[in-house]
Amino acid sequence: MTANAVDTEPAALPGVLAVLADETRWRILTELGAAEMSASGLASRLPVSRQAIAKHLSVLADAGLVESVPAGREIRYRALGARLSALGTQLAVIGQQWDRRLLAIKRIAEGADDSA
Amino acid sequence: MDTLDITRSIDIAAPITKVWSALTEADLIAQWLGDSAELDPVAGGTGFFGWSEHGKFRVRVEQADKPRLLVYRWAREEDTDPVPGNSTTVRIELCEIDGGTRLALVESGFEELANPEAAHAENQGGWTAELGELVEFLTPAS
Numbered sequence: 001m002t003a004n005a006v007d008t009e010p011a012a013l014p015g016v017l018a019v020l021a022d023e024t025r026w027r028i029l030t031e032l033g034a035a036e037m038s039a040s041g042l043a044s045r046l047p048v049s050r051q052a053i054a055k056h057l058s059v060l061a062d063a064g065l066v067e068s069v070p071a072g073r074e075i076r077y078r079a080l081g082a083r084l085s086a087l088g089t090q091l092a093v094i095g096q097q098w099d100r101r102l103l104a105i106k107r108i109a110e111g112a113d114d115s116a
Numbered sequence: 117m118d119t120l121d122i123t124r125s126i127d128i129a130a131p132i133t134k135v136w137s138a139l140t141e142a143d144l145i146a147q148w149l150g151d152s153a154e155l156d157p158v159a160g161g162t163g164f165f166g167w168s169e170h171g172k173f174r175v176r177v178e179q180a181d182k183p184r185l186l187v188y189r190w191a192r193e194e195d196t197d198p199v200p201g202n203s204t205t206v207r208i209e210l211c212e213i214d215g216g217t218r219l220a221l222v223e224s225g226f227e228e229l230a231n232p233e234a235a236h237a238e239n240q241g242g243w244t245a246e247l248g249e250l251v252e253f254l255t256p257a258s
């Protein structure tokens, strides 16, 4: 980074955020983060139909946030860490960009008033 | 979803009008955001933030109440008009405090961004801890 480059390019944003912007999917992820579970298992713990849960699981799987694991006659699901970790990193980068920008704004506003 | 918002606040030892200038005058914007800028800081006004290496990213002002409130939608793709699905919204509120100005910023709308990626990640475990960190990051104590 050159001395003049106060700012960096806008961070690339993951579409996975759209997938996470749903309370039921968050809850499913939270449950699966604690333990592998089948769709029926999730349905018994959440106030959502098994059918709806299956749909959410499919969206989460497409986004790389969960994967299915055969367990005897049922299919269980488990949460995947790397995708979410990458997401957290990307959001952290955006937050850090704002930290730098706000400090620069502060410096500019507090600077000697030579505009008069 | 509120938890996906980025929220920041900073106290600045300068009058509110000077902070407003830093946020809205093109030559000053270019000192803290990218390296070139244009902005008409009135509701409906347009402009761009430019990075010589990455291109120009258009903005449209949604609300402006000089010198207290500035809300703009900011495209995430270069040379594209910002609309829901390709942009986020930045809301900056200024208020006078003892000795200066408090700036509160919220960037939101990340969940509206389209183009979900289908890339499948490897299971690296440790997911619960990572989720905790993510939530902590997304909802900073303030």
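These protein sequence lines map, in sequence, to chains A and B. Under the numbering used here, the residues of the first sequence are numbered 1 to 116, in order. Under the numbering used here, the residues of the second sequence are numbered 117 to 258, in order. Don't be surprised by glycine CBs; every beta carbon is placed ideally from N, CA and C. Fair warning: this is a prediction, and the values are worked out from it, not measured in the lab.
- Of the candidates Leu-46(A), Ser-44(A), Val-69(A), Ala-79(A), Ala-79(A) places its Cα closest to the Cα of Ala-34(A).
- Residues of the region 157-181 of chain B with a C-beta atom less than 8 Å from some C-beta of chain A are Trp-167, Glu-169, His-170, Phe-173, listed in chain order.
- Taking C-beta atoms as the reference points, Leu-120(B) and Phe-226(B) count as a pair closer than 8 Å.
- In the DSSP assignment, Ala-21(A) falls outside any beta strand (DSSP E) and carries neither an H nor an E.
- Ser-168(B) is classed as exposed because its beta carbon has fewer than 16 other beta carbons within 10 Å across all chains shown.
- Looking at the DSSP output, Ala-79(A) sits in a beta bridge with Val-66(A).
- Of the candidates Ile-208(B), Leu-210(B), Glu-223(B), Glu-223(B) places its Cα closest to the Cα of Gly-95(A).
- By the Cβ-count criterion, Gln-51(A) is exposed, with fewer than 16 other Cβ atoms from all chains shown falling within 10 Å of its own Cβ.
- Burial state of Thr-204(B) is buried, judged by a 10 Å Cβ sphere holding 16 or more other Cβ atoms.
- Thr-133(B) counts as exposed, since fewer than 16 other beta carbons sit within 10 angstroms of its beta carbon.
- Using a CB distance cut-off of 8 Å, Gly-41(A) does not count as an interface residue toward chain B.
- In this chain, Lys-182(B) is not harboured by any beta strand (DSSP E), its DSSP state being neither H nor E.
- Residue environment analysis places Ser-137(B) among the buried positions, since at least 16 neighbouring C-beta atoms fall within 10 angstroms of its C-beta.
- Around the beta carbon of Arg-45(A), fewer than 16 other beta carbons lie within 10 angstroms, which makes this residue exposed.
- At a cut-off of 4 residues, not a single continuous stretch assigned as alpha helix (DSSP H) sits fully inside the region 85-109 of chain A.
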